[in-house]
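Quick note on numbering: UniProt numbering labels position 146 of the sequence shown as 146, and the sequence is numbered without any gaps.
Inspection log for the structure reproduced underneath, given as structure tokens.
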Amino acid sequence: MTFPLLKLPYVPLNLITKMMNANEIQCYRMKLAMSSYRLELFLRGAKFRIREIHVHLSKESLQFDLIDSKNAWITCFRMRKSRNQIKNVTKLEQFCKRYGKEVDNRLFINSFSMEAIFDLYHRVTSLFSSFLVGWVFYADTINNRTFVTYLDRALSENGTWFTFINDSLSSEVLKEIMDKIPVTKRIEIEADTPMDFTHPNLLKYFVMKYKNGRWVTLDHLKSFRNVGFFEIFFSNFDCTDINKFLKYWIDCGETMIDLLAITLKEGTVPNVDILTDGLVTLHEDDGGKYPNIFMKGRNNNTRKEVIGLVLLRGNNLLEFSTWEPDECEGVYELLVLLENKKELENEMEKIQEEGVNTVEENRRVREIIMELEKVKDELVVKNQRGFVFEI
């Protein structure tokens, strides 16, 4: 049995929409809003919570990815030139008879003018609440003047993150982007960038992704302070470079970064021994090709994330993340013991090199031997997770 949804009074209509699951709401919400202005107004008053909206903008289309924790529904409005092209969007019902096709969770709609982009944006986003907005610009399809106009408008809409996709971006366009986007935002440059490009904000964004990071140096990595996430897909870093960075992080004492993701230099063979050379580390075997590698920072008066974790993924991807002690059960205590063990061994080595010539030195050697045995016993007792380390 079917019934005319458009003619239902407010109360039963509200009950029906409340009974829909998240996937049904995302699937039908846009269609309902486009079928009737009355329904659009109703849905704007009964906003559905989603996690994110990704807005993809090119010269050919305006696409909305509506995303919650489990599902994604995509609606693509195509910019097609025609006699009845919509240039002024006052209600979504204007698109009622413009369905192109529907494939899985993708709905394609024809056709509207570039002039109506932000009118349409406001109409669509008014149907939802509590979401993050990410803007994806396909810069190769938009001329520079129009691109700058779109960027200004997108910034006025309080976007959370901005992605720019192209084969390459000129220094002029990159400067325009970084002059305008605040460093509190997330920025992704999925394009080749000039090797000599510089800008005060280049490495200051809280979240940064660069497709081509061959221009990034070890000094750049060492300069990070209070960065959330940094990722580069192509780099000139090998395992020796990463080892130098890890040594710097251990001694730095300041909060540098939460997560670093680097694709190692082409041709580099990941080598755990080189990565951990000279470092006090714990290794955990989780069944992968390479172990998870834990280490501890020193001089930790000002930073809370004192545990570093190195993961080696496929395709030469290396991830380094930082954690607070209570976020890594049993790790911090073991690293403190291993650090004490290393200090005792270094002290013993120094005494033996200089020669044991006094009663006091003999007494200290015996103390070190006893302390080392105690530390080793504690390591065995506290190693509940089966970490691998040198006794």
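Each residue gets a CB set at the ideal place from its N, CA and C atoms; glycine is no exception.
The structure presented is a predicted model; accordingly, all values stated were derived computationally and were not measured.
Separation of residue j from residue i, as counted between CA atoms
i	j	result
Ile262	Val336	28 Å
Phe387	Glu371	22 Å
Lys376	Leu246	25 Å
Lys175	His199	7 Å
Met295	Asp277	12 Å
Thr255	Ser321	12 Å
Cys239	Asn110	51 Å
Glu115	Lys204	34 Å
Leu169	Glu231	18 Å
Ile307	Gln94	56 Å
His122	Phe48	15 Å
Val380	Glu339	15 Å
Arg313	Gln352	42 Å
Lys209	Ile67	21 Å
Ile165	Ile368	60 Å
Asn212	Asp167	11 Å
Ile181	Glu190	16 Å
Leu311	Leu282	12 Å
Arg44	Tyr150	25 Å
Tyr99	Arg29	15 Å
Pro270	Glu390	21 Å
Cys76	Thr302	48 Å
Asp179	Asn201	8 Å
Lys382	Glu345	20 Å
Ser235	Val216	7 Å
Phe3	Val103	For Phe3, the predicted model reports a pLDDT of 42, less than 50, meaning its position is unreliable; a value from the coordinates is still stated below. Computed Cα separation, rounded: 26 Å.
Met1	Ile257	For Met1, the predicted structure reports a pLDDT of 32, less than 50, and the residue's modelled location is therefore unreliable. A value from the coordinates is still provided. Approximately 59 Å between the Cα atoms of the pair.
Phe206	His220	15 Å
Phe237	Asp192	17 Å
Glu360	Phe233	57 Å
Lys185	Leu39	35 Å
Glu354	Lys342	19 Å
Asn105	Ser69	15 Å
Beta-carbon gap between residue i and residue j smaller than 7 Å
i	j	result
Lys97	Tyr37	no
residue 402	Phe137	Missing from the structure shown is residue 402; the chain here goes from 1 to 391 and no further.
Leu218	Ile242	no
Ser113	Gln85	yes
Ser61	Arg80	no
Phe162	Ile187	yes
Leu107	Ala33	no
Gly297	Ile250	yes
Ser171	Phe147	no
Arg83	Phe118	no
Glu333	Lys304	no
Lys222	Tyr248	yes
Val89	Leu41	no
Val124	Gly159	no
Where the alpha helix (DSSP H) containing residue i begins and where it ends
i	result
Val336	331–354
Met178	171–180
Ala154	144–156
Asp241	239–252
Thr125	117–125
Glu324	No alpha helix (DSSP H) holds Glu324; DSSP gives it neither H nor E.
Glu361	359–382
Asp273	272–275
Asp192	Counting along the chain, Asp192 falls outside any alpha helix (DSSP H), though it belongs to the beta strand (DSSP E) covering 186–192.
Asp219	218–222
Enclosing beta strand (DSSP E) for residue i [first to last residue]
i	result
Gly45	No beta strand (DSSP E) contains Gly45, which is instead part of the alpha helix (DSSP H) from 37–45.
Met295	292–296
Tyr99	99–103
Ala199	The question names Ala, yet the displayed sequence has His at residue 199. Per DSSP, His199 belongs to no beta strand (DSSP E) and is neither H nor E.
Val55	52–57
Leu309	307–312
Ile86	First-last for Ile86: undefined, no H or E at that position.
Asp167	161–168
Lys209	207–212
Glu93	Glu93 -> no beta strand (DSSP E), and no H or E assigned at all.
Val280	Here Val280 belongs to no beta strand (DSSP E), and DSSP marks it neither H nor E.
Trp135	132–138
Below-7 Å beta-carbon distance, residue i vs any chain D residue
i	result
Phe229	The chain labelled as chain D is not found in the depicted structure, where only one protein chain is given.
Contact belief for residue i with residue j at Cβ below 8 Å, rounded distance in angstroms
i	j	result
Asn316	Thr268	6 Å
Arg214	Glu284	With a Cβ gap of about 32 Å, Arg214 and Glu284 do not count as contacting.
Ile293	Val280	At roughly 11 Å, the Cβ-Cβ gap does not stay under 8 Å, so Ile293 and Val280 are not in contact.
Asn300	Gly228	In fact, because the Cβ distance is near 19 Å, the residues do not count as touching under 8 Å.
Ile74	Gln63	6 Å
Glu319	Leu264	Actually they do not touch by this definition, with Cβ atoms about 11 Å apart.
Asn143	Val173	That belief does not hold up - the Cβ atoms of Asn143 and Val173 are roughly 11 Å apart, past 8 Å.
Lys365	Met348	The amino acid at residue 365 is misidentified as Lys; the sequence shows Val. Between Met348 and Val365 the Cβ distance is about 7 Å, and since that is below 8 Å, they are a contact.
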